[in-house]
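Worksheet: the structure to be examined is printed underneath.
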Amino acid sequence: MTQPYDQNRLPPIPVLNVWLAVPDSNDWHGPFPAIVDSGADLTIVPLGVLSHLAAPYLKRAVLRSQWEERQVVFLHEIDLKIGDLVLPGIDVAGDDISHDLLLGRNALNRLDLRLEDPKLRTHILDG
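When we follow numbering that gives the first Met the number 0, the leftmost residue of the sequence shown carries the number 0, and every step to the right adds one.
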């Protein structure tokens with residue numbers, strides 16, 4: 000599966016269309032464009048999306064930015080689908096500030112993913 004980078008941003012950034020569901024529900028919502036962020040430990044989803052899904056709340060956490068800023072967030076559990084690949088039980092942080100969805104390493108590490116910068120596309124290898 001391949002998907003072109005988002006060229007509406009400068010520089011163009013890798014994105015993947017994702018679908019989200021409450022765990023084990025198969026009630027998929029999306030697609031949502033998700034920024035591939037290999038520098039983020041955790042996947043981040045806009046809080047409004049999580050509220051709409053009624054995603055199960057797990058616990059409160061504190062995220063720290065590269066500038067040492069701290070942000071209190073609430074962790075939720077979702078199932079995440081990219082193409083035909085389903086990633087069950089992904090912990091995500093609810094973001095009440097941004098409308099961007101970020102795929103962090105807790106999701107990306109489950110994928111065989113290649114960033115093909117010369118071709119401006121993201122490639123996920125099957126199995």
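We treat Cβ as the ideally placed atom computed from N, Cα and C, and that holds for glycine.
Evaluate residue i with the Cβ neighbour count: other Cβ atoms within 10 Å of its Cβ, from every protein chain shown; 16 or more gives buried, anything less gives exposed.
i, result
"Ala60", "exposed"
"His51", "exposed"
"Ala54", "buried"
"His75", "buried"
"Thr1", "exposed"
"Asp26", "exposed"
"Pro13", "buried"
"Gly38", "exposed"
"Ile89", "buried"
"Leu57", "exposed"
Taking the continuous beta strand (DSSP E) assigned at residue i, which residues delimit it?
i, result
"Val44", "Thr42 to Pro45"
"Leu15", "Val14 to Ala20"
"Gln2", "Thr1 to Pro3"
Determine, using beta carbons only, whether residue i and residue j come nearer to each other than 7 angstroms.
i, j, result
"Arg120", "Pro30", "no"
"Leu86", "Val72", "no"
"Leu46", "Asp95", "yes"
Which residues in the same chain as residue i place their Cβ atom closer than 7 angstroms to its Cβ, once the five residues preceding and following it in sequence are excluded?
i, result
"Leu79", "Val17, Leu19, Leu86, Ile89 and Ala106"
Contiguous beta strand (DSSP E) assignments of at least 3 residues, all confined to the stretch 52-110:
56-63, 69-81, 84-94 and 100-102
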